[in-house]
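Under the UniProt record's numbering, the residue at position 534 of the sequence shown is numbered 534, and the numbers go up by one with no gaps.
Where is the CB? At the ideal position from N, CA and C, for every residue including glycine.
Computed from a prediction, not measured in an experiment: that's the story for all the values here.
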Amino acid sequence: MDTLALIKYMEILFKTNSKFTDKEGKLFIPKILESIDKIDIELVKLLMSDAKAKEQFFMKIDDVYVLNQNDLIEFFTMNEYFNHSFTSYTNKIGLIKKDNFIKKFDDVVLAFPYKDCVLEGGQTKDDEKNNEVFYNSIISRDEIDRLFEPKVLTNIKRFDKDGEHEVEEIIEDDNLIIKGNNLLALHSLKKRYVGKVKLIYIDPPYNTGGDSFGYNDSFNHSTWLTFMKNRLEVAREFLSDDGVIFVTLDDNESAYLKVLCDEIFGRENFIADVIWNSRKSVQNDTVISLATNHNLFYAKNKLSLDKNDFRLAIDESKFKYDDNDGRGKYRTDPFDAPQIRKNLEYPIENTITNDIYYPPKGRHWITTESEYNRLFEDNRILFGQTGKGKPQLKKYLKEERHKGSVSTTLWSDLDTTTNATKHLEKLFGEKLFSTPKPENLIQRIIELSTNKNDLVLDFHLGSGTTCAVAHKMGRKYIGIEQMDYIEDIAVERMKKVIEGEQGGISKALEWKGGGSFVYAELKEIDNFKESPIAKLNKNMQYLPIHDLEDSNYGILEEEITINKKFYGFDDE
């Protein structure tokens with residue numbers, strides 16, 4: 001039952017009991033809310049007597065039906081906005097306390113118009129502006145269920161060094177690039193990939209007014225938050241228990257998205273806001289020149305992470321000394337550390353100069369005296385390269401290589417968007433994006449959070465950087481992009497990667513090419529955008545899987561077989 005029909009249906013049902021109407025026969029909402037709060041027997045009987053109301057507002061646990069008070073209260077406290085969009089949240093954006101009457105626990109959440117709604121976001125071109133209906137998660141359950149039903153995959157093909165090939169089956173180890181609405185694609189893939197993704201990286205539209213986010217301008221800010229909330233909620237289900245997500249964005253929405261992510265992933269699972277120096281040049285036409293981007297970093301379950309796994313590869317160039325004693329190259333580190341620990345304060349004699357050293361003020365030695373003596377006997381202590389300085393510790397490359405180095409929250413040593421723009425210009429001969437991300441930014445994120453053969457997901461694929469880097473680094477990947485340029489840019493870029501293109505991180509990794517990926521599209525209903533129904537509901541343009549074998553849609557027999565295997569009902 002659609003939204004407006006459900007509202008009318010419930011109005012008629014409640015008007016059958018005068019207890020819930022006023023003298024004029026209109027619904028008396030305060031009385032209904034009071035009855036819901038008290039779990040009034042007449043109200044429960046009324047709802048239980050009607051099959052549709054019972055299905056909508058009760059949960060069945062074994063043989064017992066339990067009234068969902070929260071859903072029923074929210075249903076009767078909806079405010080109507082434009083375009084038949086219904087929402088129980090006010091049209092102010094800000095931090096609120098959840099109402100104790102509705103929510104039985106105390107927490108801080110981010111409230112914004114349409115927070116309780118689903119926005120499909122069907123834009124396929126950068127310059128396209130959409131005014132779409134927001135589906136409320138309670139009163140539009142039927143529409144949302146239809147919206148999120150898996151969609152038919154079509155135009156499926158495999159690419160490798162020998163070109164394009166037909167596909168018989170999409171297997172677990174295949175790399176995937178999918179064209180279609182990213183929210184619907186995520187829901188289509190969810191069952192197959194739930195709990196299997198180690199890293200999600202996204203670089204979503206920043207809602208700056210000049211980027212590709214062009215939805216419902218009357219509520220552009222809250223629309224963007226709804227857009228992000230819908231996608232992040234389902235994306236979280238893809239993460240393995242030790243999986244993580246990075247979201248790159250600028251100052252425009254970072255504060256709001258941080259609070260929204262705290263709600264979705266849990267504040268306790270926030271790891272860091274990593275600042276990336278994204279621009280070196282200075283803008284003279286602004287108050288303060290923007291030079292950085294945020295990278296919000298969350299874990300699905302922070303307790304499942306091993307901090308020792310989140311390490312960067314060692315910088316071998318710093319290991320520049322060699323005593324030719326068979327141990328290989330080493331670097332020197334200070335032998336003192338911050339803070340004061342009395343058991344780590346002792347005299348150290350330079351046996352060459354006979355000078356006596358103590359830790360500098362406010363610091364201590366890094367080991368006990370007995371451990372220092374052991375290190376000294378093992379020729380691991382150095383008093384500077386001249387032998388006349390304070391004590392230093394030798395760190396050998398072959399011993400340190402596997403340990404890696406700890407990342408900080410400031411990344412100023414990476415390429416910028418300018419470097420990334422030049423890379424794309426070299427690949428395609430023209431400037432394609434205003435703020436593309438450089439490959440070594442994605443390389444660092446992948447290096448920190450994954451191992452070889454782990455699965456990486458990017459559902460705002462754009463120019464294809466995430467898939468390109470994952471491919472070169474030996475990770476599996478899924479890329480999703482709904483914009484029409486996916487075939488001309490992301491897919492073509494991945495073909496070049498397979499051919500061995502030498503931009504970005506290729507030379508550093510000694511990339512020679514190889515590998516493969518599968519491309520597929522969510523099946524659009526032919527001529528849908530020109531049809532009368534499109535004017536009423538733009539959210540029905542993709543073919544649901546239950547219509548896979550409907551001859552009216554002309555799905556090829558081979559594609560029917562692939563879809564059945566992919567969605568796991570080939571033996572049904």
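query: Euclidean distance between Cα positions of residue 153 and residue 173; result: 18 Å
query: Buried/exposed call for residue 341, threshold 16 Cβ in 10 Å; result: exposed
query: Limits of the beta strand (DSSP E) - the one that residue 157 falls within; result: 153-160
query: Terminal residues of the beta strand (DSSP E) in which residue 272 lies; result: 270-277
query: The beta strand (DSSP E) enclosing residue 294, as first and last residue numbers; result: 292-299
query: Residue 449 burial status per 10 Å Cβ neighbour count (16 or more: buried); result: buried
query: Through-space distance from residue 118 to residue 81, alpha-carbon basis; result: Here residue 81 scores only 40 on pLDDT, less than 50, and its place in the model should not be relied on; the value that follows carries that caveat. Taking the straight line from one Cα to the other gives about 14 Å.
query: Cβ separation of residue 352 and residue 383, assumed to be a contact under 8 Å, to the nearest whole Å; result: 6 Å
query: Chain-order list of residues whose beta-carbon lies under 8 Å from that of residue 33 (same chain, five-residue window excluded); result: 73, 76, 77
query: At least 3 beta-carbon pairs within less than 8 Å: the stretch 271-284 vs the stretch 316-323; result: no
query: Check whether residue 330 and residue 390 have beta carbons under 7 Å apart; result: no
query: Spatial neighbours of residue 328 in its chain, beta-carbon cut-off 7 Å, leaving aside the 5 residues before and after; result: 322, 396, 397, 398
query: Proximal residues to residue 444 (C-beta, below 8 Å), its chain only, five neighbours per side dropped; result: 312, 407, 411, 414
query: Residues bridged to residue 526 (per DSSP); result: The partner list for residue 526 (beta bridge, DSSP) is empty, contrary to what the question assumes.
query: Whole-Å CB distance - residue 460 paired with residue 203, under 8 Å assumed; result: 6 Å
query: Local Cβ density within 10 Å of residue 539, reported as buried at 16 or more and exposed below that; result: Caution applies to residue 539, whose pLDDT of 49 falls short of 50 and renders its modelled position unreliable; the model cannot decide the point.
query: Residue range of the alpha helix (DSSP H) that includes residue 569; result: Here residue 569 belongs to no alpha helix (DSSP H), and DSSP marks it neither H nor E.
query: Status (buried if at least 16 other CB within 10 Å, exposed otherwise) for residue 30; result: exposed
query: Any non-hydrogen atom of the ligand ZN closer than 6 Å to residue 403 Cβ; result: Absence of the ligand ZN is noted for the structure shown, with no ligands found whatsoever.
query: Contact under 7 Å by Cβ, residue 565 with residue 149; result: no
query: Rounded straight-line distance, which links the Cα of residue 175 to that of residue 205; result: 24 Å
query: Buried versus exposed, by CB contacts within 10 Å (16 or more), residue 308; result: exposed
query: Reference residue 25, options 36, 38, 11, closest by Cα; result: 11
query: Segments assigned alpha helix (DSSP H), at least 4 residues, entirely inside the stretch 380-455; result: 397-400, 417-428, 439-449
query: Reference residue 64, options 55, 70, 306, closest by Cα; result: 55
query: Distance CB(residue 294)-CB(residue 254) smaller than 7 Å; result: yes
query: Contact belief for residue 296 with residue 258 at Cβ below 8 Å, rounded distance in angstroms; result: 6 Å
query: Within 7 Å, strictly: CB atoms of residue 194 and residue 237; result: yes
query: C-beta contact flag for residue 479 and residue 423 at 7 Å; result: no
query: First through last residue of the alpha helix (DSSP H) which encompasses residue 254; result: 254-265
query: Neighbourhood of residue 292 by C-beta, 7 Å cutoff - its chain only, sequence neighbours within 5 removed; result: 275, 276, 277, 278
query: Beta carbon of residue 477 nearer than 7 Å to that of residue 470; result: yes
query: Coil, strand or helix - residue 165 by DSSP; result: strand
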